[in-house]
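Chains as they are written, first to last, in the numbering used here: chain A, 2 to 267; chain B, 2 to 326; chain C, 521 to 818.
For each residue, glycine too, the CB sits at the ideal point set by N, CA and C.
See structure below.
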Amino acid sequence: MTPVQPLLEVRGLTKRYLGLTAVDDLSYALETGSVVGLIGPNGSGKSTSIDCMSGFQAADRGQWFLDGRELTGLAPHRIARAGLTRTFQTVRAYDELTLLENLCVAAQENDGVSWMQALLRGKTLRGADAAARARGLELLATVGLANYADAPAAILSYGQRKLLAIAASMMPKPRLVVLDEPVAGVNQTMVRHIEEVIRKLNAEGVTLLIVEHNVDFIMSLCSRVIVLESGSKIADGPPGLIRSDPRVLAAYLGNKRAAELDAGNG
Amino acid sequence: MNAISVRALAFVIGLMVLFAIPKLTGNEYVLALGISFAALSVLSGGLNLVYGYTGLLSFAQVGFFGIGSYTAALLVTEQNWSLWSGVAAGGALATAVGMVIGYSSLRLSRHAFAIVSLSFALLCMIVARDWVSLTRGAMGIPGLPAPTINLPGGMRWRIAQPADFYYLLLGFAVFAHALIYGVVTSRLGRAMRAIKLNEPLAQSQGINPLAYKLLAIALSALLAGMVGGLFVFYLTIVDPSIFDFYYTETMLIMVIIGGPGSFWGVLASSAVLTAVPDLLRFTTDLRMVLYGVVLIAAMLLFPGGLGGWLHRRRVARWRQPRVAP
Amino acid sequence: MRPRGRSVDLNFYAQLLLNGIVIGVIYALIAMGLSLIFGVLEIVNFAHGEFYMLGAMCAYFLTVNWGFGYWPAVLIVTAVAISLGCVLYEALLGSLRGESFERSILLTLGLSMVLQNGAVFLFTTTPKMMATGLSYSNIIVGELRLPLSRLYALGLGLAAFAALYLTLYRTRVGKAMRGVAQNRDAALMVGIDPRAVSRLAVAIGIGLSGLAGAALAPVYAVHPLMGFSFVFKAFAIIIIGGLGNVSGAAIAAVMLGILESLVGGFLPLVMVDALAFISMIAVLLLRPQGLFGRGVRV
Ligand SMILES: Nc1ncnc2c1ncn2[C@@H]1O[C@H](COP(=O)(O)OP(=O)(O)O)[C@@H](O)[C@H]1O
Ligand SMILES: [Mg+2]
Chain A
2 MTPVQPLLEV
12 RGLTKRYLGL
22 TAVDDLSYAL
32 ETGSVVGLIG
42 PNGSGKSTSI
52 DCMSGFQAAD
62 RGQWFLDGRE
72 LTGLAPHRIA
82 RAGLTRTFQT
92 VRAYDELTLL
102 ENLCVAAQEN
112 DGVSWMQALL
122 RGKTLRGADA
132 AARARGLELL
142 ATVGLANYAD
152 APAAILSYGQ
162 RKLLAIAASM
172 MPKPRLVVLD
182 EPVAGVNQTM
192 VRHIEEVIRK
202 LNAEGVTLLI
212 VEHNVDFIMS
222 LCSRVIVLES
232 GSKIADGPPG
242 LIRSDPRVLA
252 AYLGNKRAAE
262 LDAGNG
Chain B
2 MNAISVRALA
12 FVIGLMVLFA
22 IPKLTGNEYV
32 LALGISFAAL
42 SVLSGGLNLV
52 YGYTGLLSFA
62 QVGFFGIGSY
72 TAALLVTEQN
82 WSLWSGVAAG
92 GALATAVGMV
102 IGYSSLRLSR
112 HAFAIVSLSF
122 ALLCMIVARD
132 WVSLTRGAMG
142 IPGLPAPTIN
152 LPGGMRWRIA
162 QPADFYYLLL
172 GFAVFAHALI
182 YGVVTSRLGR
192 AMRAIKLNEP
202 LAQSQGINPL
212 AYKLLAIALS
222 ALLAGMVGGL
232 FVFYLTIVDP
242 SIFDFYYTET
252 MLIMVIIGGP
262 GSFWGVLASS
272 AVLTAVPDLL
282 RFTTDLRMVL
292 YGVVLIAAML
302 LFPGGLGGWL
312 HRRRVARWRQ
322 PRVAP
Chain C
521 MRPRGRSVDL
531 NFYAQLLLNG
541 IVIGVIYALI
551 AMGLSLIFGV
561 LEIVNFAHGE
571 FYMLGAMCAY
581 FLTVNWGFGY
591 WPAVLIVTAV
601 AISLGCVLYE
611 ALLGSLRGES
621 FERSILLTLG
631 LSMVLQNGAV
641 FLFTTTPKMM
651 ATGLSYSNII
661 VGELRLPLSR
671 LYALGLGLAA
681 FAALYLTLYR
691 TRVGKAMRGV
701 AQNRDAALMV
711 GIDPRAVSRL
721 AVAIGIGLSG
731 LAGAALAPVY
741 AVHPLMGFSF
751 VFKAFAIIII
761 GGLGNVSGAA
771 IAAVMLGILE
781 SLVGGFLPLV
791 MVDALAFISM
801 IAVLLLRPQG
811 LFGRGVRV
């Protein structure tokens with residue numbers, strides 16, 4: 002068997018803030034088509050690690066590759082264009098743009114239309130715009146926001162904003178999507194809805210890395226879970242094994258999530 | 002007829018009326034107001050592109066305007082360049098300077114950009130006053146000759162009468178606004194708004210904020226520099242007062258009142274704010290005091306401006322309970 | 521004035537150096553206040569130069585029209601400026617919150633327009649000379665002629681710097697101020713009242729500006745536009761020193777004052793004017809966070 006090249010490979014990622022090591026020598030690889038969870042107690046470095054990977058924070062050490070192409074040290078927009086998109090823990094949207102505009106913006110740097118073509122409004126532009134609109138409407142239908150395509154994003158509820166952000170992260174047809182806490186703070190119905198959306202998108206071939214607090218959500222959705230504690234990886238494997246891993250239980254001990262893990266186990 | 006063609010018709014008629022004004026009235030005061038409007042609206046339109054659409058508060062516009070003025074005046078009078086090449090050189094120099102300012106400060110923050118752009122504008126005035134060997138200092142260069150333009154067919158248009166300047170500046174303003182309109186209604190303008198609304202989100206979607214910010218700065222600098230180069234021959238003198246803060250304050254008020262990020266709003270407020278204070282014969286100091294008060298009141302009472310108000314109305318409309326199916 | 525061709529004597533340099541230090545200390549008074557306000561409130565006070573102008577104007581009227589002496593005038597102006605700072609905070613700046621950087625600029629710009637053009641309207645742009653006995657007194661040291669007014673300005677500047685240092689390091693609220701400037705959220709969490717801290721920062725900043733105006737009134741001509749040309753250097757200085765870094769601003773200010781004075785001794789005036797701006801651009805290109813980085817430090 003020849004080893005398949007992983008879609009994402011992270012080697013030795015390290016990020017320090019004045020005396021505090023937020024991410025400590027983190028390494029892992031993701032296979033194409035998988036849905037992988039990244040969990041860990043609050044402050045364990047999950048967001049910081051994806052901020053580094055997506056270029057929003059400068060890593061102190063480490064390298065990372067998408068499809069064998071090195072992304073280390075690139076600016077955020079270059080990493081996005083290379084095919085790695087992300088959502089933010091503090092959910093972000095363009096409040097004054099319509100939902101459809103929110104999505105079309107997200108695709109416009111990846112469709113090869115130059116500034117000149119955009120200004121002269123020729124055939125290339127019209128084709129690209131039509132394609133973006135079609136894809137935008139399709140994604141809005143997938144996340145269940147099609148009725149609001151022409152509404153400003155400001156009208157959306159918190160959970161709906163998370164859905165919009167997920168849809169936007171899919172617009173440029175990325176290779177890998179990283180979702181930072183896609184269901185934190187949303188109600189149970191919405192959690193199930195978001196879970197459905199993620200399954201659907203994965204079925205269409207998107208690889209996802211999901212950062213979450215909600216252990217149940219991760220356990221039911223992911224084929225593999227990576228666990229961080231104080232910036233280091235302490236476990237990596239299928240959900241079943243993670244649930245019984247002593248180090249993971251210890252990390253969550255004294256935390257009410259230990260109970261959650263047990264409950265899920267039983 | 003649908004709404005779009007009604008608007009297009011109104012627009013064409015409006016333009017025809019504007020261009021017919023010198024034929025309808027020989028009144029030089031009306032023409033002078035029209036010339037001021039043409040020049041100021043290009044400045045406010047450029048500022049709107051940079052601030053209203055891209056979110057960068059720039060004080061450098063008056064610097065670009067003055068650099069264009071000095072460059073064109075010096076090249077045409079001392080080097081015998083033609084009007085258009087002088088004006089183009091003024092625009093090009095303003096653009097180059099704008100890129101240097103933008104590139105150096107934007108890598109730090111938009112705070113730095115605001116500060117650097119203001120310092121730049123003040124520096125321009127001082128340099129114009131003190132670099133006597135180039136600019137002839139505080140006295141400036143008076144008596145600029147009436148420029149001539151070679152028209153197709155071997156005709157020469159000597160721009161000497163107010164009506165000539167009116168046509169020239171209005172024509173340029175139409176060109177400038179068409180360019181700005183083309184940009185802001187394109188996907189480039191959409192990316193600029195995205196950067197203004199949420200820069201990290203835009204970055205995460207592959208948008209390079211620095212590139213779009215520099216584009217906005219470059220375009221506004223080009224237009225401000227060129228309109229400066231044309232306007233200066235109407236003034237017939239260029240001196241350090243071309244960099245006067247008066248222009249900065251005027252164009253800022255035009256953008257704030259018209260609504261940052263609103264193309265037609267800023268165009269309309271430019272027209273009103275050119276005409277009204279002039280008709281009321283305010284002295285410049287008093288006008289500036291009033292503008293200052295308006296600015297403070299606008300920031301305290303309507304922080305979102307016209308755009309914010311329209312946005313809130315749109316949101317409220319969408320939030321209204323829909324009729325049940 | 522400018523020795524050319526023959527050997528430049530030491531006294532000439534010493535004179536330039538002294539002038540440079542005096543002007544640098546005055547730049548520092550203005551720039552430190554600007555930087556402190558930015559560090560604590562994240563507001564760039566575009567009206568800062570106007571308070572310098574008002575300080576000079578007030579000192580002029582107090583001495584020339586009302587017969588006050590130099591020192592009482594300086595004291596009164598500083599006290600008035602500090603109170604004005606409190607009023608400014610309560611009336612205008614206190615209502616700004618969060619992501620309102622552009623708004624704060626436009627607000628203070630509006631204030632600057634009102635103050636500056638109001639002063640033009642009331643007093644015209646004619647420069648006024650505050651011709652008191654002080655303006656013409658000199659101290660002779662060896663072959664050096666030291667104008668007393670400049671020495672007083674220097675002394676005042678150094679005293680103000682010492683007072684600011686003591687406030688920031690020896691008082692509770694001063695420490696809180698440094699805390700907020702270094703880490704806003706953390707400082708808010710330990711229960712510092714952000715309004716009290718911000719108000720004090722604005723009061724100190726405006727107070728320093730007024731003091732600078734009063735101190736320099738006998739040195740330069742007083743007129744409504746004087747703040748304008750001065751403050752653009754202060755902006756350059758706070759970028760060179762590192763935005764929000766108060767002592768960085770002080771050091772950059774003195775360096776700029778000395779450099780300008782030396783350059784002015786030999787090169788055309790326009791080079792002096794451009795020095796601050798060119799240094800700022802160079803710093804931005806080579807070391808964007810400023811020579812001394814961010815944060816209130818002394
Ligand atoms: N900008 C920052 N400056 C200093 N410390 C930070 C910063 N961002 C995060 N941290 C620290 O890094 C650690 C990891 O944070 P984070 O990645 O947000 O954790 P998680 O997303 O797993 O909850 C925390 O201890 C946090 O306090
Ligand atoms: Mg997090």
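Residues in the stretch 81-99 of chain B having any Cβ partner in chain A nearer than 7 Å: none
Within 7 Å, strictly: CB atoms of B:Ser226 and B:Gly92: It should be pointed out that residue 226 of chain B corresponds to Gly in this sequence rather than to Ser. Yes, the pair counts as a contact, with Cβ atoms nearer than the cut-off.
Opening and closing residue of the alpha helix (DSSP H) in which C:Gly761 lies: Met746 to Gly761
Closest Cα partner of B:Gly64 within the set B:Phe303, B:Ala222 and B:Leu253: B:Ala222
Rounded straight-line distance, which links the Cα of B:Ile218 to that of B:Tyr247: 21 Å
Option in A:Tyr159, A:Arg122, A:Arg162 and A:Ser224 with minimal Cα separation from B:Arg188: A:Arg122
Whole runs of the alpha helix (DSSP H) within the stretch 626-682 of chain C, excluding any shorter than 4 residues: 653-656
Inter-residue Cα distance where the pair is A:Ala132 and B:Arg191: 17 Å
Beta strand (DSSP E) segment containing A:Tyr18, residue limits: Leu9 to Tyr18
Short CB-CB distance (under 7 Å) between A:Arg134 and chain B: no
Between the CA atoms of B:Cys125 and B:Ser242 - distance to the nearest angstrom: 10 Å
Same chain, Cβ closer than 6 Å to C:Ala737, five either side skipped, listed in chain order: Ala576, Ala579, Tyr580 and Met650
Environment of C:Gly525 [buried if 16+ CB atoms lie within 10 Å]: Interpretation of C:Gly525 is limited by its pLDDT of 43, a score under 50 that renders its predicted location unreliable; no figure is taken from the coordinates.
Any chain B beta carbon closer than 7 Å to C:Val816: Legend: pLDDT at C:Val816 = 42, less than 50; position of this residue unreliable, value from coordinates given subsequently. Judged by the 7 Å Cβ criterion, C:Val816 is not in contact with chain B.
Any C-beta of chain E under 7 Å from that of C:Asn637: Annotation note: the requested chain E is absent from the structure, which comprises protein chains A, B and C.
Cβ distance (whole Å) where B:Gly229 is taken to contact B:Phe66 below 8 Å: 4 Å
For review: beta carbons within less than 5 Å of any heavy atom in ligand 3: Absence of ligand 3 is noted for the structure shown, with ligand 1 and ligand 2 being the only ligands found.
DSSP three-state assignment for B:Trp132, whether helix, strand or coil: coil
Heavy atom of ligand 2 within 6 Å of C:Gln636 beta-carbon: no
A:Gln90 Cβ short of 6 Å to ligand 2 heavy atom set: yes
C-alpha distance - A:Ile227 paired with A:Val24, whole-angstrom precision: 14 Å
Limits of the unbroken alpha helix (DSSP H) element including C:Tyr547: Leu530 to Leu561
Three-state secondary structure assigned by DSSP to B:Pro241: helix
Buried/exposed call for A:Lys201, threshold 16 Cβ in 10 Å: exposed
C-beta atoms of A:Asp112 and A:Ala129 nearer than 7 Å: yes
Euclidean distance between Cα positions of B:Ala95 and B:Ile68: 6 Å
C:Ala567 versus B:Ala276 - alpha carbon distance: 28 Å
Partner residues on chain B for C:Leu749, Cβ-Cβ distance less than 8 Å: With the sequence shown as reference, residue 749 of chain C is identified as Ser, and Leu is not the correct amino acid for it. Those are Leu123 and Ile127, listed as they occur along chain B.
Start-to-end residues for the alpha helix (DSSP H) that takes in A:Asp151: Where A:Asp151 is concerned, there is no enclosing alpha helix (DSSP H), given that its DSSP letter is neither H nor E.
Delimiting residues of the beta strand (DSSP E) encompassing B:Arg159: Arg157 to Arg159
Those runs of the alpha helix (DSSP H) which lie wholly inside the stretch 259-311 of chain B and span at least 4 residues: 264-280 and 285-302
Coil, strand or helix - B:Ile218 by DSSP: helix
Three or more C-beta pairs below 8 Å linking the stretch 139-151 of chain A and the stretch 67-83 of chain A: no
Test: A:Val36 CB closer than 7 Å to a CB of chain B: no
Test: B:Ala325 CB closer than 7 Å to a CB of chain A: Residue confidence for B:Ala325 is low, a pLDDT of 45 falling below 50, so the modelled location carries little weight; the figure read from the coordinates is stated next. Closer than 7 Å: no.
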